[in-house]
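K.L.:
Pasting a structure here, questions to come.
There are 2 protein chains.
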Amino acid sequence: MEQILPHLDSVFSIDCVLFGFDGKELKILLIERNEEPFKDWWALPGNIVGADESLDQSASRILYELTGLRGIYMEQYYAFGDPGRHPQGRVITLAYYALIRLGGDKELRPISTYAKRANWLPIKDLPKLAFDHQKIYDKGLEKIKRRIKHQPIAFELLPEKFTLTQLQHVYELILGKKLDKRNFRKKIVSFGVLKELDEKQKGVSYRAATLYRFDKRRYAKLFGKEISF
Amino acid sequence: MEQILPHLDSVFSIDCVLFGFDGKELKILLIERNEEPFKDWWALPGNIVGADESLDQSASRILYELTGLRGIYMEQYYAFGDPGRHPQGRVITLAYYALIRLGGDKELRPISTYAKRANWLPIKDLPKLAFDHQKIYDKGLEKIKRRIKHQPIAFELLPEKFTLTQLQHVYELILGKKLDKRNFRKKIVSFGVLKELDEKQKGVSYRAATLYRFDKRRYAKLFGKEISF
DNA sequence: ATATAGTGTGTAATTTTTACACTAAGTAAT
DNA sequence: ATTACTTAGTGTAAAAATTACACACTATAT
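One line per chain: the protein sequences are A and B, in this order. Sequential numbering from 1 applies to the first sequence in this note's numbering. Sequential numbering from 1001 applies to the second sequence in this note's numbering.
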């Protein structure tokens, strides 16, 4: 095992699994690598933790550098550090996930020097990933599955105003199963974190649905408490 | 911020929160440091990850070196890496927890070169801890609180044969609240992971309780499924 | 024999979860 | 303006899970 990486006995990095929702599909952000190893492979965006950054700060910076986004709910979920996971040396990486609403207002501007390009790819049909990134992704998906059952993180994926059907759609995509419309609404409303607006959906060629907004105050009270789906 | 630690730009370590149960109290294993910084303070046992170890292997090794125990259920739960958390340089640490039955058969033999001594201290009345170890402990307790509600990890704290009252006691200690005896039994039995033995408790000066054993096969089936307390 | 201390058990009321189908409203095409 | 189309929005009954609650039993010690 050569030591090609710049002067390191070990390197500590952060990799991000960015889940994005465009109103239809669940996607993750991948970059196409421009360097060996795994040149031309798709990989999770990640980077080395800076000397004076906290881990969360570092994750935020990396997210920002890769997407131009700030203020995203983001959380570390697992450290991967098998000695053989990086062919060039010992790299321990801490995985973070983030949930992002795609499209609409702000354009993402992924900038990365070590990548040919960055793209949102549907999780339905992911390519082979570099390193152990498939494992990292799998664990991330598992994590948000668990998390979405207990905390209302689904809102992070939706625009500020959304319909109940859209919300349900997000749940179904993440949990990987159909939910009953009436029961879903009953339950989600019972949490009391939704605010019904006087506004209706626009631009649809059928009956427009009522828009809702997520009530952050009540959410804050609920946070920590266990809810379940 | 000086760089006193041996040739490192950054160090990656593992710290363990070892929860022990002696039949009465919940305790954690702490060491009394024999070196600066925080000489004479109590701290979580931990160590540097070795070059050719996976993280889990490293955690197991560290646990073994500190307690002589092997084969303990152990899980990483959070990485702590604030730049200022270690006064001598950048140390990123990955926290693991383990659950251990105390007393009884095998004596623990904590060996540590950098510690004056190691001791199981009741969590009721912990001393001030070195570094950010209080934070690490807090998060660990929070983690097992959450975990015990969804997975039967409580068994790890009990001897092979135990009474339902002891089991309930563990739940009460971790969750920090009283549970109803009849309801508790109804529920725990309904999971189907307990095997009632033909044996009774011995050496008590009152009616002896029936002993149970934890059924690992059924547990394996249950694992992954959500149960809740 | 009696006091003591913890074991072990059932039921009714309430709450939560599940399964399930039709009418209402708006748009688009004619 | 009628019709066809598409999704929105709503209730109820049955089943399951949760909660609250109290007393008789059994082994031991004196």
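Every residue, glycine too, gets a C-beta built ideally from N, C-alpha and C.
(1) Distance, Cα to Cα, isoleucine 1174 of chain B vs alanine 209 of chain A?
(2) Does chain B have any CB closer than 9 Å to the CB of leucine 99 of chain A?
(3) Any C-beta of chain A sitting closer than 9 Å to the C-beta of serine 1228 of chain B?
(4) Kindly indicate if chain B contains any beta-carbon less than 9 Å away from that of glutamine 134 of chain A.
(5) In the structure shown, what three-state DSSP assignment does isoleucine 4 of chain A receive?
(6) Let me confirm a value: proline 1045 of chain B is counted as buried when at least 16 other C-beta atoms fall within 10 Å, else exposed. Which label applies?
(7) Report yes or no: do three or more beta-carbon pairs, one from the segment 13–26 of chain A and one from the segment 61–70 of chain A, lie closer than 8 Å?
(8) Quick check: what's the CA-CA separation for glutamate 160 of chain A versus serine 1228 of chain B?
(9) On a Cα-Cα basis, can you pick out the residue from B:Leu1129, B:Gly1081 and B:Ile1144 that is closest to proline 1037 of chain B?
(10) Write down every uninterrupted run of the alpha helix (DSSP H) in the segment 1116–1188 of chain B whose length is 4 residues or greater and which is fully enclosed by it, in chain order.
(11) So does the segment 20–32 of chain A actually touch the segment 116–127 of chain A, counting three or more Cβ pairs closer than 8 Å?
(12) Enumerate in chain order the residues of its own chain whose CB-to-CB distance from arginine 185 of chain A is below 7 Å, with the five nearest sequence positions on each side excluded.
(13) Compare the C-alpha of glycine 1071 of chain B against each of B:Asp1056, B:Lys1195, B:Gly1050 and B:Tyr1114 and name the closest.
(14) For glutamate 1142 of chain B, does the count of other Cβ atoms within 10 angstroms reach 16, so buried, or fall short, so exposed?
(15) Report yes or no: is there a C-beta of chain B within less than 9 Å of the C-beta of arginine 117 of chain A?
(16) Is it buried or exposed for valine 230 of chain A, if we count other Cβ within 10 angstroms and need 16 for buried?
(17) Would you list the residues sitting across from tyrosine 78 of chain A in a DSSP beta bridge?
(18) Quick check on glutamate 1065 of chain B: does DSSP put it in helix, strand or coil?
(19) Report the neighbours of alanine 1079 of chain B on chain A: residues whose CB is nearer than 8 Å to its CB, in chain order.
(20) With a threshold of 8 Å on Cβ separation, who are the neighbours of lysine 195 of chain A within its own chain once the five nearest residues in sequence on each side are excluded?
(21) Within 9 Å (strictly less), CB to CB, does asparagine 47 of chain A reach chain B?
P.N.:
So, from the listed chains and residues:
(1) Translated into the one-based positions of the second sequence, residue 1174 of chain B becomes position 174. Translated into the one-based positions of the first sequence, residue 209 of chain A becomes position 209. If I take the Cα positions, the gap works out to 46 Å.
(2) Here residue 99 of chain A refers to the residue found at position 99 of the first sequence. No Cβ of chain B is located within less than 9 Å of the beta carbon of leucine 99 of chain A.
(3) For the purposes of this step, residue 1228 of chain B is taken as the residue at position 228 of the second sequence. Answer yes: the Cβ-Cβ gap between serine 1228 of chain B and chain A drops below 9 Å somewhere.
(4) As a position in the first sequence, residue 134 of chain A is number 134, starting the count at 1. So, not an interface residue.
(5) Position 4 of the first sequence, counted from the first residue, corresponds to residue 4 of chain A. At isoleucine 4 of chain A, the pLDDT of 36 sits below 50, so the modelled position is not reliable and the matter cannot be decided from this model.
(6) Taking the second sequence and counting its residues from 1, the one referred to as residue 1045 of chain B is at position 45. It is buried - the Cβ of proline 1045 of chain B has at least 16 other Cβ atoms within 10 Å.
(7) Output reads yes: the segment 61–70 of chain A touches the segment 13–26 of chain A.
(8) Counting from 1 along the first sequence, the entry for residue 160 of chain A is found at position 160. Counting from 1 along the second sequence, the entry for residue 1228 of chain B is found at position 228. Take the alpha-carbon of glutamate 160 of chain A and the one of serine 1228 of chain B: they are about 32 Å apart.
(9) On the second sequence, residue 1037 of chain B is found 37 positions in, with the first residue counted as 1. Checked all of B:Leu1129, B:Gly1081 and B:Ile1144; the closest Cα to proline 1037 of chain B is B:Leu1129.
(10) For the segment 1116–1188 of chain B, whole alpha helix (DSSP H) runs of length 4 or above, ordered along the chain, are 1133–1150 and 1164–1175.
(11) Segment contact: the segment 20–32 of chain A against the segment 116–127 of chain A, three or more CB-CB distances shorter than 8 Å; contact assigned.
(12) Taking the first residue of the first sequence as 1, we reach residue 185 of chain A at position 185. Only Leu164 meet the Cβ criterion.
(13) The residue you call residue 1071 of chain B lines up with position 71 of the second sequence. That would be B:Asp1056, whose Cα lies nearest to the Cα of glycine 1071 of chain B.
(14) Locating residue 1142 of chain B in the second sequence gives position 142, where the first residue counts as 1. The C-beta of glutamate 1142 of chain B has fewer than 16 other C-beta atoms within 10 Å across all chains shown, which makes the residue exposed.
(15) As a position in the first sequence, residue 117 of chain A is number 117, starting the count at 1. No, because no Cβ of chain B sits closer than 9 Å to the Cβ of arginine 117 of chain A.
(16) Absent from the model: residue 230 of chain A. The displayed extent of chain A is 1 to 229, so no value can be given.
(17) In the first sequence, counting from the first residue as 1, residue 78 of chain A sits at position 78. DSSP lists A:Ala95 as the beta-bridge partner residues of tyrosine 78 of chain A.
(18) Taking the first residue of the second sequence as 1, we reach residue 1065 of chain B at position 65. In the structure shown, the three-state DSSP call for glutamate 1065 of chain B is helix.
(19) Along the second sequence, read from residue 1 onward, the residue named residue 1079 of chain B stands at position 79. Ordered by position in chain A, the residues that pass the 8 Å Cβ test against alanine 1079 of chain B are Leu55, Gln76, Ala79 and Leu94.
(20) The residue labelled residue 195 of chain A in the question sits at position 195 within the first sequence. Excluding sequence neighbours, lysine 195 of chain A sits near Tyr212, Arg213, Phe214 and Asp215.
(21) Here residue 47 of chain A is taken as the residue at index 47 of the first sequence, counted from 1. Residue-level contact by beta carbon fails for asparagine 47 of chain A and chain B, as no gap is shorter than 9 Å.
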